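Q: Going by the numbering used here, the first residue of the sequence shown is number 2, and it counts up by one from there. Don't be surprised by glycine CBs; every beta carbon is placed ideally from N, CA and C. Note that the coordinates shown come from a computational prediction; the quantities given were computed from them, not determined experimentally.
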Amino acid sequence: MPRLILSLLAIAVLFCLLCGPVTWVALRLWRRGDLGAFRPVRGVWIAQVALACALMFAADSAGLPNPVGWMVAIVLAVSLGGAVLFASWRAVVRVAVRRR
């Protein structure tokens, strides 16, 4: 039972690391007046989870050493990259709406 609890805790922490930055960016945008910032977050979360799973599977298939380290690195990279892309995309949308 303790291994199961530890595994569930690790999954919860990795999920928070994966989805936290995008949620934080959406919250910041929402506080600045972008009321539609939270609408696409669900799709971004799904895309991030799919990309992270695919990269983890590829790293495991390649036989890279230290699989836990690679897992955390992949989660952090996908998370931060997704947050940057999401913020950039919302900025482009905001500029396009203002020009109309």
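Among 51, 86 and 59, which one has its Cα closest to the Cα of residue 16?
A: Cα-wise, what sits closest to residue 16 is 51.
Q: Can the beta-carbon of residue 38 be found closer than 7 Å to that of residue 48?
A: No, these two residues do not count as a Cβ contact at 7 Å.
Q: So residue 76 and residue 9 are in contact, right, with Cβ under 8 Å, and what is the actual spacing, rounded?
A: That pair is no contact at about 16 Å.
Q: What's the gap between the Cα of residue 69 and the Cα of residue 101?
A: Rounded to the nearest angstrom, the two C-alpha atoms are 48 Å apart.
Q: So residue 87 packs on residue 14, CB below 8 Å; how close in whole Å?
A: Not confirmed; about 21 Å, so no contact.
Q: Within 10 angstroms of the Cβ of residue 79, are there 16 or more other Cβ atoms? Answer buried if so, exposed if not.
A: Buried, by the Cβ-count rule.
Q: Would you kindly work out how many angstroms separate the C-alpha atoms of residue 95 and residue 21, rounded to a whole number?
A: Their backbone Cα atoms lie some 22 Å apart in a straight line.
Q: So what's residue 41 in DSSP terms, helix, strand or just coil?
A: Here residue 41 sits in coil by DSSP.
Q: Which residue wins for smallest C-alpha separation from residue 56, given the options 46, 6, 45 and 71?
A: When each option's Cα is compared against that of residue 56, the closest is 71.
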